[in-house]
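Student:
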Amino acid sequence: MSTVIGLDVPVPSEPYWRPCDYCGKSFRVLPCYVRKAIAKGNNPPRFCSRSCQLATYVGEGNPKWRGGRMLSSSGYVYVLVPDHPQADACGYYEEHRLVMEQHLGRVLKPTECVHHFNHNRTDNRIENLELMDSWAEHQRRHGYYEPRECANCGAVIMRSRASRRRFPERSYCSRTCAAAGASRANAEAARSGRRNPPKRTRERR
17 MSTVIGLDVP
27 VPSEPYWRPC
37 DYCGKSFRVL
47 PCYVRKAIAK
57 GNNPPRFCSR
67 SCQLATYVGE
77 GNPKWRGGRM
87 LSSSGYVYVL
97 VPDHPQADAC
107 GYYEEHRLVM
117 EQHLGRVLKP
127 TECVHHFNHN
137 RTDNRIENLE
147 LMDSWAEHQR
157 RHGYYEPREC
167 ANCGAVIMRS
177 RASRRRFPER
187 SYCSRTCAAA
197 GASRANAEAA
207 RSGRRNPPKR
217 TRERR
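If you use our numbering, the sequence shown corresponds to residues 17 to 221, in order.
1. Hey, residue 148 and residue 129 are a contact pair by Cβ (cut 8 angstroms); roughly how many whole angstroms apart?
2. Grab me the residues of residue 101's own chain with a C-beta within less than 7 angstroms of its C-beta, minus the 5 sequence neighbours each way, in chain order.
3. What whole-angstrom Cβ distance do residue 97 and residue 83 have, given they're in contact under 8 angstroms?
4. Entirely within the region 20–57 and at least 4 residues each: give me those alpha helix (DSSP H) ranges in chain order.
5. Buried or exposed for residue 114, going by 16 or more other Cβ atoms inside 10 Å?
6. For a test of the three-state rule: what should DSSP assign to residue 65, helix, strand or coil?
7. Apart from the five residues just before and just after residue 64, which ones in its own chain have a Cβ nearer than 6 angstroms to its Cβ?
8. Using 9 angstroms as the threshold, is the C-beta distance between residue 119 and residue 145 below it?
9. Taking all protein chains shown into account, decide if residue 32 is buried (16 or more other Cβ within 10 angstroms of its Cβ) or exposed.
10. Assign residue 115 to one of three DSSP states: helix, strand, or coil.
11. Using the Cα positions of residue 75 and residue 154, report the straight-line distance between them to the nearest angstrom.
12. Apart from the five residues just before and just after residue 160, which ones in its own chain have a Cβ nearer than 8 angstroms to its Cβ?
13. Distance check for residue 131 and residue 139, CA to CA, integer angstroms please.
14. Can you look up residue 150 in the DSSP assignment and give me helix, strand or coil?
15. Can you tell me the Cα-Cα spacing of residue 104 and residue 189, whole angstroms?
16. For residue 191, which three-state DSSP category applies?
17. How far does the beta strand (DSSP E) with residue 175 in it extend, from its first residue to its last?
18. CB residue 173 to CB residue 165, shorter than 9 angstroms?
19. So what does DSSP say about residue 164, is it helix, strand or coil?
20. Quick one: Cα of residue 93 to Cα of residue 117, how far?
Take a look at the structure:
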């Protein structure tokens, strides 16, 4: 037996046999493998092959195991439920949908959507969740739609927050009303002497 320089760890001077920690098959361990592993601060070889080593990196055996919960880049919390019919390839499923399913006692349809009341995607308490029949309804909820009157005909229309920011002064229910409103605005500008200047056209050389 010898030791690695800087480490008081014994290293075998001759090859030896040991069982694999995963499949139990005996494999031969060379002293150079043990010396390299200890020099890097790792454990001596414990598996007979790479496939056996990767097979133990599932669940709690993975160094990056976080208890079966992870936060995605979109801000939603995913939990490990491999037996769920709608889980992804890695066995993870959205926690807010799983909480709603446990509350209803059934699996949600792919067309159904779960909405967060406080818009906090990590707050998956059942009191903070609302089931919606379609994704379109969910988009309308996040669009903050409010009623507005058409500036031409007076019909009540629903406009999102983005549309209200883009057209803060007036809204129209159709292109026909928009054209009529533009013609009326141009006529009023002409009567008041504030005719819009003609657009410049690019001269041909």
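Even for Gly, the Cβ is constructed at its ideal location relative to N, Cα and C. Bear in mind the structure is a predicted one, so any value in this text is a computation, not a measurement.
Tutor: Once the coordinates are examined:
1. 5 angstroms
2. 123
3. Not really, about 13 angstroms apart at Cβ, beyond 8 angstroms.
4. 47–55
5. buried
6. coil
7. 36, 41 and 43
8. yes
9. exposed
10. helix
11. 34 angstroms
12. 176 and 177
13. 11 angstroms
14. coil
15. 42 angstroms
16. helix
17. 172–175
18. yes
19. strand
20. 15 angstroms
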